Amino acid sequence: MDLFRWTIQEASAAFREGRCIPAELMASVNSRIEAVEDKIHAYVSVAGDAAVQQAASLSAGNEASPLWGVPIALKDNLATRGMRTTCSSKILESFCPPYDATVVSRLRGAGALFSGKTNLDEFAMGSSTETSYKGTTRNPWDLTRIPGGSSGGSAAAVAADACVAALGSDTGGSIRQPAAHCGIVGLKPTYGRVSRFGLVAFASSLEQIGPLTKDVTDAAILLKAIAGHDHRDSTSVNVPVPDYPSLLNGDVQDMRIGVPQEYLQVGVQREVREAIRNALDLLGAAGASIREISLPHTDYAVSTYYILATAEASSNLARYDGVKYGYRAEPVEDLLDMYRRSRAEGFGPEVKRRIMLGTYALSSGYYDAYYRKAQQVRTLIMRDFEAAFDVCDVLLAPTCPTTAFRIGEKVNDPLQMYLSDIYTISVNLAGIPGISIPCGFDGQGLPIGLQILGKHFDEATVLNAAYAYEQRTDWHGQRPAL
Amino acid sequence: MAYETIIGLEVHAQLKTRAKIFCSCSTEFGGPPNGHTCPVCLGMPGVLPVLNREVVNFVLKTGLALHCRINPFSRFARKNYFYPDLPKGYQISQYEHPLCEAGFLHIDLDGEQKRIGITRIHMEEDAGKNIHGEGSEPFSYVDLNRTGVPLMEIVSEPDMRSPREAAAYMRKLRTIVRYLDVCDGNMEQGSLRCDANVSLRRVGESAFGVRTELKNMNSFKHVEKALDYEVRRQARILDEGGSTVQETRLWDAERGVTVSMRGKEEAHDYRYFPDPDLVPLHVDAAWIDEIRATLPELPDEKMARFMTAYGLPRYDAEVLTVSRELSDYFEACNSVAQAPKVVSNWIMGDLLRECKGEDEALAQCPVNPDMLARMIQMIEQGTISGKIAKTVFGEMVKTGKTPEVIVKEKNLVQVTDEGTIAELVDRVIADHPEQVVQYRDGKEKVFGFLVGQVMKASRGKANPAVVNKLLKERL
Amino acid sequence: MKITGKEVAYVAHLARLALSDEEIEQFTGQLDAILAYVDKLNELDTEDVEPTAHVIPMGNVVREDAVDTGLPIEEVLANAPGTQDRFFRVPRII
Ligand SMILES: [Zn+2]
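Chains as they are written, first to last, in the numbering used here: chain A, 1 to 482; chain B, 1 to 475; chain C, 1 to 94.
Below, the structure is given as C-alpha cells:
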C-alpha cells in the first residue's frame with residue numbers, strides 16, 4: 001500500500017492502531033519525493049534520511065496529537081532552526097536561522113516531522129513560482145503549467161503526495177490560488193489568528209500562515225495546531241481557538257451563503273463559472289440559502305494591494321544589505337557600492353520591481369497620492385465585506401478566474417500576473433479567512449478552486465461549509481497521474 | 001546690525017529600562033561587542049518587535065512632568081534609511097502620532113523665569129555603533145549592542161533666544177529626567193544627546209531666518225560654546241550682506257568651530273509609514289493616573305517649598321534642588337540639624353566643592369547627611385567653632401570618622417572657660433604692646449589682629465565670643 | 001507618463017539597487033503601466049475615509065521590562081559574510 005497517499009487522519013489512525021510507525025511513513029514519503037521531484041520540483045531542500053531517523057527516535061508520549069509522526073512540508077519562508085531558510089532567493093541562499101518560526105515550534109511540539117522546505121516565488125512575490133531563484137515548480141496535473149504561487153511548492157507537494165500536508169503563507173492569495181490550481185485544500189486564516197513570528201516578511205499587514213492539505217478535515221487539524229496567540233507577534237490576536245475538527249458536521253441547513261456578483265463577471269473562464277454555479281446548486285440543495293450580494297469596490301482591490309504590499313515590502317526587504325547575513329557582492333568599491341550591488345545581484349527582477357514600486361509609493365511627495373489613498377480604499381473594501389457579512393454567514397466565489405496558466409505565459413507582463421490574483425487579494429485586504437477547495441476540472445483536466453470566505457475569526461463556519469461541499473463530492477479524492 | 005537669536009533643541013534621552021524597547025536584550029552599557037543581541041535586534045528575517053511597557057511609562061512620566069498633552073492614540077512608524085548600524089534598514093520611531101505633545105518647562109536665568117515650549121516627545125529605538133578602522137584600513141566594524149536601546153526624543157519650540165538659554169534648558173531637562181529617574185542624563189556617555197536648530201533674524205522681524213542644524217555637542221559646556229560660535233558665524237555672514245544656507249553643521253570641539261556637512265549628507269527621504277508589525281497605543285485616563293501617582297516632587301515645586309518651608313533664599317533653593325540626591329541630602333541633614341541656612345551653606349560650600357557637583361560623588365562621599373548634621377549641631381552648641389568645623393569636615397572626608405570621634409581624637413573641643421582664655425588674652429596683650437597702643441589710639445582694626453593672635457594661641461579652639469569679650473574688657 | 005527614467009533612477013538609489021540603463025528603461029515602462037492602472041483609485045472620493053493600517057482593531061500590546069540572555073556570539077555572526085573578532089565587518093564607512 002502507498003502510505004504516502006495518506007491524509008493526516010489516516011496516518012494518525014494507523015499509528016494509533018499500531019498498523020504503521022512514523023519512520024515507515026516518513027520513508028514512504030521520502031521515496032515518493034524521490035520519484036516525483038524530478039518532474040515537479042516542489043522542494044528547495046529535503047530532510048531525507050535525517051527525517052526518517054528523527055521519526056524513529058520520536059519520543060512517545062504525545063501520540064494523542066493528531067500530528068504525531070506526520071510528515072509536513074514547510075514553505076521555505078518559514079524560519080527553521082538549523083535548516084536553511086532561503087525564501088527561494090539568492091540573497092538568502094545560505095541563510096540558516098538560529099530560531100524556529102512559532103508555527104514550526106508548535107508543530108515540533110505536536111510531534112510533527114518535516115519532510116523539507118518547499119519552493120516559492122522569491123520572497124513570496126508572485127503567483128506561479130516562476131520568480132523563484134531555485135527554478136519553477138511544475139503543476140502535477142500538467143507539467144507544462146504553473147502550480148500557482150507563491151506557495152506553489154507546498155501545493156504541488158501535497159497534490160503529488162510528496163508530503164502528507166504542508167504549510168504555506170498567503171499575502172494576496174498565495175495559499176488559496178496554488179491550492180486551486182493543484183486541486184487541493186488551502187486555508188488562509190483571519191489576520192492575527194496565526195503568529196507571523198518567523199515568517200519572513202513580505203507584506204506584514206496582509207499575510208498569514210496557513211495549511212495546504214488533501215482534504216478539509218486535515219486543514220482543520222493543521223489550523224488547530226498552529227493557531228493561537230503568540231506573545232512574540234504583536235499583531236497576533238488573543239482569542240480562543242475552537243476545536244475545528246470536532247466542529248465539522250457538514251450541516252449547512254439555513255446557512256446564508258452570499259455570492260459576490262463582481263466575482264463572476266467577464267474574464268472568468270466558462271468552466272470555472274459553471275463549476276461555481278454547480279457548487280451553489282449543491283449547497284442550496286443541502287439547505288443553504290443562496291443570495292447575490294455586491295462588493296462594489298472589488299475593482300480597486302488589485303491597485304490597493306499592489307501599493308500597500310509593495311510599500312511594506314520595500315521596507316521589509318531593506319534588511320538584506322549584505323552586512324549581517326545573506327549575499328554580499330564582492331569585491332566592492334565602498335559601502336554604497338556594496339549595498340547597491342549586493343541587493344541588485346541578490347534579488348531577482350520581480351522582487352526589485354516591487355521594491356521599486358513600493359519605494360516610489362512611499363517617497364517624498366507621493367505618500368498621500370498612493371500609500372494613504374490605498375489605505376483609505378482598504379477601508380472601503382473592508383466595509384464592503386462588513387456589509388456583506390451583515391446578511392451572510394459565508395461568501396462563495398471562484399478562487400481564480402482561470403485554471404493554471406502555462407509556464408512563461410505571463411512572466412513578462414507583471415500587470416497581467418497581478419490581475420490573476422483578483423479574487424484572492426481583497427480577502428487579505430479585509431483580513432478575513434478564506435479557503436479554497438477543489439470543485440471540478442476544466443476541459444483540459446485542470447483543477448478548479450472554490451473559494452469560501454468568512455467573518456473575522458470565523459474559520460469554523462468556513463471550514464464547515466467547505467466540509468459540507470466536500471462530503472457531497474469527490475473532487476478532493478482525485479490525484480494527478482505522475 | 002542687531003539680531004535676535006532663535007534656537008530650538010532636539011534632545012535624545014536614553015531611557016533607563018532594563019531591557020531594550022522591542023526585545024528582551026539587556027541595555028547595559030559596555031558589554032562585549034554584539035553580546036547584547038538577539039534575532040530581533042539583529043534584524044534577522046521573520047522576527048517581530050514587541051513593545052516594552054516600561055518605555056511607555058517612562059515617556060508618560062516625562063510628558064506629565066513637562067505638562068504635555070498625552071495623546072489617547074499614538075503609534076509607531078518606520079523611518080527608512082540604510083546604514084550598517086541600522087540592521088533592519090529602518091528605525092522604528094514615531095511620526096504622525098507621537099505619545100506626548102504641546103508641553104513646556106521653565107528655565108531660570110538671573111532670577112527671571114522663562115517658559116520654553118515642548119513641541120513633542122516620542123519613543124524610538126537607538127542604532128548600533130560603527131567603529132572605523134585605524135588609518136588607511138579599508139574596514140569599519142559594527143557592534144549592535146546599542147541597537148534597540150529605548151530613546152525618547154524631546155523636541156522644543158524655537159523659544160530660546162540665546163545660547164545661555166539653550167544651556168539652561170538642557171540643564172533643566174537633565175534635572176527633570178533625573179528626578180524622574182528615567183534617564184541618567186550623562187551627556188559625555190551619550191545618554192543625553194542634543195541637536196540644535198539655530199537661526200538669526202533682525203530685531204523686530206517676525207519671520208524666522210534660515211536655520212542650520214547643529215550636531216555633535218556632547219557636553220553642557222559644548223552646547224553653549226557651539227551655539228555661541230554658530231550665532232557669531234551667522235551674524236558675521238548677515239553683517240557682510242550674505243545669507244545663511246539651510247544645512248547641517250558639526251561642532252568640532254577641538255578647533256572650537258562648526259563645520260558644514262554639506263556634500264556628505266544625503267537628500268533625506270525617509271519614507272515614513274505606520275509600522276505594520278506594531279499595533280497602536282491607546283493611553284486612557286486610568287493609565288495616565290497610574291503614572292501620575294508615581295511622579296516625584298519636581299524641581300520647580302521643590303524649589304518653591306524650600307523657599308517657603310525652610311526660609312531659604314531663592315539662590316540656595318535653586319542650587320539645592322538641582323538634583324534629587326542633593327535635595328534629599330539637604331532634607332536629611334536638616335531634619336537632624338534643624339538649621340536650614342547653616343546646612344545650606346555647608347552643602348553649597350564645602351560639600352559641593354568636595355563632590356565637584358556630581359551626584360555620584362555625593363552618593364560616595366564619606367560625609368553622610370547625619371554626620372554633617374551632627375557637626376553642625378556641635379557648632380550651634382558651641383562645642384566647636386566654625387573654623388574648627390572646617391578641619392573636622394576635612395577629617396570626615398579623609399577618614400570617614402564621625403565628628404565626635406574626630407573632635408575627641410584631635411582634642412578640638414572649643415575652650416569656653418574664661419579663666420583659661422583670660423590667660424591667653426593677657427599673654428597676647430603683653431606680647432604686643434605696640435598694637436595695644438595703636439588700638440587705644442583709636443585704630444579699631446587692630447582689634448581683629450589681637451583676636452586672631454588669641455585664637456592662634458589657642459590653636460583655634462577658643463570660643464571667639466569669649467575672646468572678644470575678655471579682650472575688650474582688658475583693653 | 002506617470003514616472004520618468006530620472007525618477008526611477010532616484011528610487012533605485014533610495015532602495016540601494018544598482019540598475020543598468022536597460023533595467024532603468026525596462027522598469028520605467030513597467031512601473032508606468034502599473035501606476036497608470038493604479039490611477040483608477042482616484043475615481044474614488046476618499047476625503048472622509050479613515051485610512052486602515054490594521055484590519056483587526058487592537059492596541060496596547062506590550063511586554064514586561066525583563067531581560068533575557070541574547071544569542072551566543074557564534075550564532076550572531078554565523079551567517080555574516082564579513083566578520084572580525086566579535087564584529088560585523090563592512091567596507092569603511094568614512
Ligand atoms: Zn535583542
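Note that CB positions come from ideal geometry on N, CA and C, so glycine has one too.
None of the values given here were measured: they were computed from a predicted structure.
Residue i versus residue j: straight-line alpha-carbon distance, rounded
{"i": "Tyr327(A)", "j": "Val259(B)", "result": "37 Å"}
{"i": "Ala47(A)", "j": "Phe114(A)", "result": "7 Å"}
{"i": "Gln451(A)", "j": "Val279(B)", "result": "30 Å"}
{"i": "Met455(B)", "j": "Lys461(B)", "result": "7 Å"}
{"i": "Thr102(A)", "j": "Tyr191(A)", "result": "15 Å"}
{"i": "Asp284(B)", "j": "Met58(C)", "result": "14 Å"}
{"i": "Thr62(B)", "j": "Lys221(B)", "result": "24 Å"}
{"i": "Ser420(A)", "j": "Ile93(C)", "result": "44 Å"}
{"i": "Ala438(B)", "j": "Asp300(B)", "result": "First, the amino acid is wrong: residue 438(B) is Gln here, not Ala. Rounded to whole angstroms, Gln438(B) to Asp300(B) spans 54 Å at the Cα level."}
{"i": "Ala66(C)", "j": "Ser24(B)", "result": "6 Å"}
{"i": "Phe15(A)", "j": "Trp68(A)", "result": "9 Å"}
{"i": "Phe273(B)", "j": "Lys79(B)", "result": "7 Å"}
{"i": "Arg146(B)", "j": "Asn316(A)", "result": "21 Å"}
{"i": "Leu60(B)", "j": "Asp233(A)", "result": "24 Å"}
{"i": "Gln377(B)", "j": "Glu404(B)", "result": "11 Å"}
{"i": "Gln84(C)", "j": "Val90(C)", "result": "10 Å"}
{"i": "Val52(A)", "j": "Ser132(A)", "result": "28 Å"}
{"i": "Gly242(B)", "j": "Arg233(B)", "result": "11 Å"}
C-beta atoms of residue i and residue j nearer than 9 Å
{"i": "Val142(B)", "j": "Ile118(B)", "result": "no"}
{"i": "Leu429(A)", "j": "Leu280(A)", "result": "no"}
{"i": "Gly440(A)", "j": "Asn249(A)", "result": "no"}
{"i": "Ala344(A)", "j": "Leu17(C)", "result": "yes"}
{"i": "Phe202(A)", "j": "Phe95(A)", "result": "no"}
{"i": "Thr298(A)", "j": "Ile422(A)", "result": "yes"}
{"i": "Ile209(A)", "j": "Leu167(A)", "result": "yes"}
{"i": "Phe27(C)", "j": "Pro84(B)", "result": "no"}
Residue i in three-state terms, based on DSSP
{"i": "Ser205(A)", "result": "coil"}
{"i": "Asn412(A)", "result": "coil"}
{"i": "Gln84(C)", "result": "strand"}
{"i": "Gln91(B)", "result": "strand"}
{"i": "Gly284(A)", "result": "helix"}
{"i": "Glu274(A)", "result": "helix"}
{"i": "Ala462(B)", "result": "strand"}
{"i": "Lys90(A)", "result": "helix"}
{"i": "Gly8(B)", "result": "strand"}
{"i": "Cys100(B)", "result": "strand"}
{"i": "Thr213(A)", "result": "strand"}
Span of the beta strand (DSSP E), counted from its first residue to its last, around residue i
{"i": "Asn197(B)", "result": "192 to 202"}
{"i": "Thr37(B)", "result": "Here Thr37(B) belongs to no beta strand (DSSP E), and DSSP marks it neither H nor E."}
Exposure label - residue i; buried when at least 16 CB within 10 Å
{"i": "Ala112(A)", "result": "buried"}
{"i": "His41(A)", "result": "buried"}
{"i": "Gln30(C)", "result": "buried"}
{"i": "His132(B)", "result": "exposed"}
{"i": "Ala309(B)", "result": "exposed"}
{"i": "Val266(A)", "result": "exposed"}
{"i": "Ala226(B)", "result": "buried"}
{"i": "Ala60(A)", "result": "exposed"}
{"i": "Tyr315(B)", "result": "exposed"}
Residue range of the unbroken alpha helix (DSSP H) whose run includes residue i
{"i": "Ala389(B)", "result": "386 to 399"}
{"i": "Gln189(B)", "result": "Where Gln189(B) is concerned, there is no enclosing alpha helix (DSSP H), given that its DSSP letter is neither H nor E."}
{"i": "Trp505(B)", "result": "Outside the displayed span of chain B (1 to 475) sits residue 505(B), for which this structure offers no information."}
{"i": "Arg536(B)", "result": "No information on residue 536(B) is available, as it lies outside the stretch 1 to 475 that chain B covers here."}
{"i": "Thr58(A)", "result": "According to the sequence provided, residue 58(A) is Leu. The question's Thr does not apply to it. That residue, Leu58(A), is in no alpha helix (DSSP H); it is neither H nor E in DSSP."}
{"i": "Tyr315(B)", "result": "314 to 320"}
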